[in-house]
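Residue numbers (the working numbering), protein chains in the order written: chain A, 8 to 290; chain B, 8 to 290; chain C, 8 to 290. These notes concern the structure reproduced below.
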Amino acid sequence: MDLAKLENSLRRSVEEAARRVRAETPLAPSITNTVTINFVANAQLAAGGSAAMVYMPDEGVAMARAGGALYINMGTIFPFYAETLPATARELHALRKNWVLDPVGIGMGEIRMSVLAGFKATPPPIVRCNASEIIALAALWGLDTGRTAASRVKGVDSHDSVEDALPAAVAVARHSGGAVAVSGAADLVTDGRVAVRCPGGSDRLGLVTGGGCSLGGVMAVYAAVADPLAAALAATCLYNLAAERAAAATSGPGAFQPRFLDELHQASPAGIAAMPMNPEVCP
Amino acid sequence: MDLAKLENSLRRSVEEAARRVRAETPLAPSITNTVTINFVANAQLAAGGSAAMVYMPDEGVAMARAGGALYINMGTIFPFYAETLPATARELHALRKNWVLDPVGIGMGEIRMSVLAGFKATPPPIVRCNASEIIALAALWGLDTGRTAASRVKGVDSHDSVEDALPAAVAVARHSGGAVAVSGAADLVTDGRVAVRCPGGSDRLGLVTGGGCSLGGVMAVYAAVADPLAAALAATCLYNLAAERAAAATSGPGAFQPRFLDELHQASPAGIAAMPMNPEVCP
Amino acid sequence: MDLAKLENSLRRSVEEAARRVRAETPLAPSITNTVTINFVANAQLAAGGSAAMVYMPDEGVAMARAGGALYINMGTIFPFYAETLPATARELHALRKNWVLDPVGIGMGEIRMSVLAGFKATPPPIVRCNASEIIALAALWGLDTGRTAASRVKGVDSHDSVEDALPAAVAVARHSGGAVAVSGAADLVTDGRVAVRCPGGSDRLGLVTGGGCSLGGVMAVYAAVADPLAAALAATCLYNLAAERAAAATSGPGAFQPRFLDELHQASPAGIAAMPMNPEVCP
C-alpha cells in the first residue's frame, strides 16, 4: 500500500468529517458518568455537535433511535445500568448505528464487567480508551492477540504503553469491524488494517478530569457523520490541536479547561486535518 | 389597559424582586439533572440565592418545606423519581409555595411522561421551557389552545417559534394561575393575562450546556421572594443582561461561562429592571 | 506544652505531607454528591492527587482497597447508598485506612441519618464540616460535649460559630482517634488534644458551590500520605492560601473558580506550611 496516498486519503476523510459536523450539528446522546458529564456535553457543543444525556432503559433505546450516533461511558455505574446499557447497545446494533464505548474502570464491579462482557455480541463500532483498558477488553472478550495468558493479565495494570496495546487494539477493531482509539503520548487509531499514530496534544489535559471522557463524546459527534476510522481519527486530531493551543495560552489546569473549549470551538476542518498522523499497515 | 403604566409597574416589580434576592439570599432547592447541576447551583449563588440539591422522596418533601421556592428539572430521570417528584409537588401545592418546572425531554420516557401528566393536578406556578416544550405540555394536559390536534402534534418538534407557542403558554399559565416563560430569540413571559416579550440576550449561551436549566434555577430563587410573573420576568431580564455583557467580553463558549457567572453576580437591580420588555394584553 | 515547638512540629508535618503528595500522586477515591463531583475531582488533581468516583456497593469496597485514602460526602443520596456507604466504611475500618467524612445535610433524610448514625461504630479518621454539622454529629452519636440538651439542639441551625463547635469537634476527634476540621472565618482543626485555628482564606470561595466538598476531597488526598491531623491541617492551609491568591487576582465567582484550581496546582509545600496557624492545647 502507498502510505503517502493512504495518509492523503485519511486527511481528506478527517477534513470532510469536520466540515459535516460544522454543517449538520449532529446529535450524539450519551450515557456517561456524573463526574465529567458537564464537560462531555460542553465539549460536544463546542466541537459543533448536539448533546443529550439519559440513564433510564427506555430512554437509552429512544436515544439510540433519535441520535446520529451514541456514546456509552462506563464511569459511574448505577444499578439499573444492568438493563439500560445492554438494551441500548442491542438497539444500536439492530439499527446499525455508530456508537463509542469508553470502558473506563474495566476490571472493577460486577455490573460493569457483565455489561462489558455482553457487549462482545453487539460490539461498539468505536472503542476509546487507554492502553491498559484495551488490553483488558481484548482479554475479557477472549480475542486472540498473539499474547500469552501471562501478558494479558497485565491488562488491569495502568503502566502499559500504547505500543504494547497495539495487538489488542487491532484484535478488538477486527472483531467489531470498526475502529479503536488508544490515548497516550502518541495516540493510536486503528481499524484493524491501518494503524495511525497521532503525536501531539498536551499533558495539561491530564490535569483536568474528563479529557478522555469528553474525547469519547466528541468522537460520537463525528461518528454521526463519518465512518468509525475517520471519526476516531478526526476527533483525536481535534483534541491534539485544541490541547496544544490551550496549553500554549495558559499556565494552569483551571485556566486550561475553558480555553480548551474555546479552541475546540475555533478549530477549522483544514487545521484539524493538518495535524500529525503517521499511518502504517497493520501486521 | 395603559401599556406604558403596565410596563412601569412590571419594571418596579422586577427591581423589587432583584433587591429582595440580594437582601435575603433565599434558598431555592432543586431536583435537577446531573448534566448541568453544578451550573444551576453556581448560577443560583451568583444571582444572590442559596442552593441545595436532592434526589430522595423524603428529601424532596423536606426541601419543599425548607426552601422559599423549589426547582424541578426533568432532565436526567432516575427510577425513584416516580416517587420523589409527585411527592414533592404535592407538598409544594399543599404549602402553596412557588416552584419552577422545566419539562425538558417531554415526549420521551415513561416515568417523565407520567410524572409530567400528573403535575396537571398540582400545577407548577412557573413553567420555564422552549416553544416546543410548552406546546407539548399544553397538549399533554389537554388544555384548549384553539389549535387542531394536528398542530398540537407539532409540539414534540423543536422548530416551533416562540410566537407559535403563545396560545399554549397562555393556556398553561391560566391553568396554573401562575406564569410561563418561553425562551427564544425574544423570550416570552406570560401570566395568561399579560404577555411580555423580552428581546436581547446572546446566542453564545446556547453553546454552553445548561443555559435554560440554570435560568430555571435562578427563577426559583426569585420566586422565593416574588410572585410568579415578576420572578419569571426578573430572571429572564437578568439572563439577557448577563448574556449580552459576557458575550461582549469574550470570544468563545469556554471563556463565556465563567464570565457569565460574574455578570450574574454583578448585575444591579436597576440594570436588570432596565432591560427591554414589551408587554401586551393577551387576546 | 511548648506552643512554639508544637507549631514548628505542625508546620514540618504539613510541609512533609505536601511534599509527599507532589511526589506520590496518591489516589483518593470518592463517593460524593453529583453537584460538585467535577470540582472535587479537579481540585484533587490540581492539588497533586488522583481521583476516582463510584456509587455501587462492590465498587466502594474495591476502592477502599485500591485507594490510599477515601472520601465520603453525604450530599446527594441515592437509594442504594444504604448499602454502599456502610459496606465501604466497614472495609476502610477493617483495613485501618484513613478516610474523610463530610456529613453535609445532616438532619435531613432517613438514609442519610441512619448511615451517619452507623458510622459511630466505624468512625471516620477525619470529619470535615461546618460548625452546625459537627455539633449535630456529636449529638447524633450521643457524645459528651459538656453541653445541655437544649444547646445541642442548636446543632441543626446554621448560625453556630466555630468556637461554639469546639467541644463537639474535640469530642468527635476523641471518639474517632483522628481529626476534625471545621470550616469558618478562622478554620478549626483538632485531634482532641491540640486545637489549631487557621485564619485566612476568602469569602469568595463561598460563592462557588463545592468549596467545602472539594476541600474534603483534597484532605483525603493528603490523608493517603499523612496522619489525620497533618492531613486536615495541610489541606486547610492549602485552601486558605489558594483562596486568598485567587480572590486577589479575580473580581467575581466565575473567574475565581478556574484561578483557584490554578493556585491549588501552583502552591508550594513551603508556602502551604507558612500559612497562619495558631495551636492551643485542648481543655
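We treat Cβ as the ideally placed atom computed from N, Cα and C, and that holds for glycine.
- With fewer than 16 other Cβ atoms from the protein chains shown falling within 10 Å of its own Cβ, A256 (chain C) counts as exposed.
- For Q264 (chain A), the chain C residues whose Cβ falls inside 9 Å of its Cβ are N49, P265 and L268, in order along the chain.
- Listed in chain order, the positions of the stretch 118 to 136 of chain B with a beta carbon within less than 7 Å of a beta carbon of chain A are I118.
- The Cβ of I44 (chain C) sits closer than 8 Å to at least one Cβ of chain A.
- Assigned with DSSP and collapsed to three states, D109 (chain C) falls in strand.
- Runs of alpha helix (DSSP H) with 4 or more residues, each lying fully within the stretch 239 to 290 of chain B, are found at 260 to 273 and 276 to 280, listed in chain order.
- Along the stretch 75 to 89 of chain B, the positions whose C-beta sits under 8 Å from a C-beta of chain A are G82, T83, I84, F85 and P86, read in chain order.
- Taking 8 Å as the cut-off, the beta carbon of A233 (chain B) is found no closer than this to the beta carbon of S16 (chain B).
- C205 (chain B) is bridged by DSSP to B:D194.
- Distances from the CA of L212 (chain A) to each of C:N40, C:A53 and C:R18 were compared; the closest alpha carbon is that of C:A53.
- Taking C-beta separations shorter than 7 Å and ignoring five residues to either side along the sequence, the partners of G199 (chain B) in its chain run V177, A180, R181 and C289, following chain order.
- In the structure shown, N45 (chain C) adopts helical secondary structure according to DSSP, grouped into three states.
- Going by beta carbons, T243 (chain B) and V196 (chain B) fall inside the 8 Å limit.
- Taking the CA atoms as reference points, G153 (chain A) sits about 27 Å from M81 (chain A).
- In this structure, the alpha-carbon of G224 (chain C) lies about 10 Å from that of I44 (chain C).
- Per the C-alpha coordinates, the member of B:A250, B:K104 and B:S139 positioned closest to L214 (chain B) is B:A250.
- Residue nearest to R97 (chain A) within the set A:L77, A:I84, A:F85 and A:G112 is A:L77 (criterion: CA-CA distance).
- Against chain C, the CB of V215 (chain A) has a partner CB under 8 Å away; the residue lies at that interface.
- Judged by their CB atoms, A24 (chain C) and Y229 (chain C) are nearer to each other than the 8 Å cut-off.
- Our two residues, A281 (chain B) and S139 (chain C), have alpha carbons roughly 41 Å apart in a direct line.
- When DSSP states are grouped into helix, strand and coil, I142 (chain C) belongs to the helix group.
- Residues of chain A whose Cβ lies closer than 7 Å to the Cβ of V61 (chain C) are, in chain order, T83.
- Rounded to the nearest whole angstrom, the C-alpha separation of D167 (chain C) and G191 (chain C) is 10 Å.
- Distance from the CA atom of E270 (chain B) to the CA atom of L13 (chain B), rounded to whole angstroms, is 28 Å.
- For E287 (chain B), same chain residues with a beta-carbon under 8 Å away, outside a window of 5 residues either side, are L10, V201, A202, V203 and R204 in chain order.
- Judged by DSSP in its simplified three-state form, V61 (chain C) adopts coil rather than helix or strand.
- The beta carbon of S221 (chain B) sits closer than 7 Å to those of T43, F46, V47 and A50, all from its chain and outside the five residues before and after it, given in chain order.
- Residue state for L147 (chain B) is assigned as helix, using DSSP reduced to three classes.
- M115 (chain A) belongs to the set of residues whose beta carbon lies under 8 Å from a beta carbon in chain C.
- Excluding its 5 nearest sequence neighbours in each direction, G218 (chain A) has C-beta neighbours in its own chain below 6 Å: L212, listed in chain order.
- Taking 8 Å as the CB threshold, A69 (chain A) lines the interface with chain B.
- Neighbours of G261 (chain C) in chain B, taken as residues whose beta carbon is under 9 Å from its own, are N49, A53, A253, Q264, P265, R266, F267, L268, D269, E270, L271 and H272 in chain order.
- Looking from the CA of A146 (chain B), the closest CA among B:C136, B:A124 and B:A262 belongs to B:A124.
- In the DSSP assignment, L212 (chain A) falls outside any beta strand (DSSP E) and carries neither an H nor an E.
- By the Cβ-count criterion, R18 (chain C) is buried, with 16 or more other Cβ atoms from all chains shown falling within 10 Å of its own Cβ.
- Excluding the 5 residues flanking it on each side, P260 (chain C) has same chain C-beta neighbours closer than 8 Å at R211, L214 and V215, in chain order.
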